[in-house]
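So that you can map any letter, position 275 of the sequence shown is 304 in my numbering, and since no number is skipped, the others follow by simple counting.
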Amino acid sequence: MKLLEKLSAIWSGVDYPFLVHAGQELYFSDVTAQAPVDLSAIKQGDVVAIIGDFNPAAILTLLQLIDLGVIVVPLTVETTHEHEYFFESAHVDVVVNGSQVTRRSHAGQHELIDSLRRLGHAGLVLFSTGTTGRPKAILHDLTLFLKRFETPRPTLRTINFLLFDHIGGINTLLHTLFNKGVVIAPESRTVESILATCAKYDVEVLPTTPTFLRMMLMSGAVPDKVPACLQVVTYGTERMDQPTLDELCRLLPNVDFRQTFGMSELGIVRVKSEARDSLYMKVGGEGVETKVVDNVLKIRSSSRMLGYLNAPSPFDEEGWYDTKDVVDVKDGYYKVTGRVSDVINVGGLKFMASEVERVALTFPHVSLVKATARPNPITGQHVELMVQPTTEGAVDKDALMAFLKERLQPHMVPKRIRVENVAVGHRFKKA
30 MKLLEKLSAI
40 WSGVDYPFLV
50 HAGQELYFSD
60 VTAQAPVDLS
70 AIKQGDVVAI
80 IGDFNPAAIL
90 TLLQLIDLGV
100 IVVPLTVETT
110 HEHEYFFESA
120 HVDVVVNGSQ
130 VTRRSHAGQH
140 ELIDSLRRLG
150 HAGLVLFSTG
160 TTGRPKAILH
170 DLTLFLKRFE
180 TPRPTLRTIN
190 FLLFDHIGGI
200 NTLLHTLFNK
210 GVVIAPESRT
220 VESILATCAK
230 YDVEVLPTTP
240 TFLRMMLMSG
250 AVPDKVPACL
260 QVVTYGTERM
270 DQPTLDELCR
280 LLPNVDFRQT
290 FGMSELGIVR
300 VKSEARDSLY
310 MKVGGEGVET
320 KVVDNVLKIR
330 SSSRMLGYLN
340 APSPFDEEGW
350 YDTKDVVDVK
360 DGYYKVTGRV
370 SDVINVGGLK
380 FMASEVERVA
390 LTFPHVSLVK
400 ATARPNPITG
410 QHVELMVQPT
420 TEGAVDKDAL
430 MAFLKERLQP
440 HMVPKRIRVE
450 NVAVGHRFKK
460 A
């Protein structure tokens, strides 16, 4: 049975909308009844980039492409400046932008794509954020990826904050479709707009990032503008800091904060937070194994990607993936303290950048921070701290330095503090 046919059967007789978009409440039948894009020039096994968001036309086109058995590459307008790189890296044959379908030429084939074609399976290509180099093209067998949604699970009214090109955004869409849920597409992803949309449409779940939650907290919108309908906030894609989580839990006592953990390379893995105010979590689920080697988390997953299209395989000979996340372990729970690249070594004394950031975030009028290692001819490295003030007030660098010296070990104190905006990418992660 084709995907559209299967979903139409699931939604048959349902008397509430599936999608809220641009102020319109749309039933699943409304989405499928739209005039479709002419995809007659596309054949099974083509690699097809679709540029869009969670709007009715893009959702219908995405589902039709899956039924055609193509390898889908979802992209957004926010990354237009990188599209040519994405097209080349993913070996894209066709680009669908709105109703425009354009075939393009490219050099060479890729064995992983050819293997999907031989199986007659659909595929999914997602790109990593690229915070440590050019984004990697991550290929999944979409036919197998979809099987995980066939087990019915409960749903709540969810705002699809995570983007069309993000595994979390795709996961939210598919989970909602397979389980007769309601998804609300935000008109924009500002703090004010997201909270207003949550209030207007009785949103129960906000899946987001720690950076956005920090921005929400610093905007002054919490708790007064957070609607009572919001029951669950899930956060992931980057490390959360304890001061932000503590403050959110204090101000929003009726909201359940849940950590997620997923990498596009591994698919979505199941996570259980130790408590709403704890950064410790259990990572697992069906077909998922974990182990810690030298304080670094490694995961083996049956839902893992087939591989990268533009980089060597990251899996070892036994199928383990090095997450490069440094973790503390407590009674089977993991807490991510940072990335391997976040380890700073000052004169042989090693610590995480997050240890400096956690203290700096408690200083008045600090919105976002980023601690980095810089070369030092004497100690090898030293800390440099970038600080973004809130809109309410300035940050006095001398006062902040004195504050840090009182609370940090000497080798962890920054040699330089820069007051400027901390870069945040289109996925609301610190760049």
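We put the beta carbon where it would ideally sit given N, CA and C, even for glycine.
Meets three-Cβ-pair contact criterion under 8 angstroms: the segment 74-82 and the segment 117-131: yes
Status (buried if at least 16 other CB within 10 Å, exposed otherwise) for H50: buried
Uninterrupted beta strand (DSSP E) stretches inside the segment 229-278 (no shorter than 3 residues): 234-237, 261-264
Counterpart residues of E54 in DSSP-defined beta bridges: V49
T184 vs N208 beta-carbon contact at 8 angstroms: yes
Chain-order list of residues whose beta-carbon lies under 7 angstroms from that of R305 (same chain, five-residue window excluded): C278, D285, F286
DSSP state of G198 mapped onto helix, strand, coil: helix
Residue environment, P341, which counts as buried when at least 16 other CB atoms sit within 10 Å: exposed
Residue nearest to M430 in terms of C-alpha spacing, selected from E413, T419, T420, G422: E413
Close-in-space but distant-in-sequence residues of the same chain around A214 (CB under 6 angstroms, 5 per side omitted): H50, F83, N189
Q73 - containing alpha helix (DSSP H), residue span: Q73 -> no alpha helix (DSSP H), and no H or E assigned at all.
Which listed residue (G198, S307, M415) has its alpha carbon closest to that of A382: M415
Assumed close pair K379, D351 - CB separation to whole angstroms, cut-off 8 angstroms: At roughly 18 angstroms, the Cβ-Cβ gap does not stay under 8 angstroms, so K379 and D351 are not in contact.
Reference Y362; option with closest CA among L104, L335, S307: S307
Distance CB(L259)-CB(L235) smaller than 8 angstroms: yes
Three-state class that DSSP yields for Q93 in the structure shown: helix
DSSP-derived helix/strand/coil call for E386: helix
Close-in-space but distant-in-sequence residues of the same chain around V369 (CB under 7 angstroms, 5 per side omitted): V325, K353, V355
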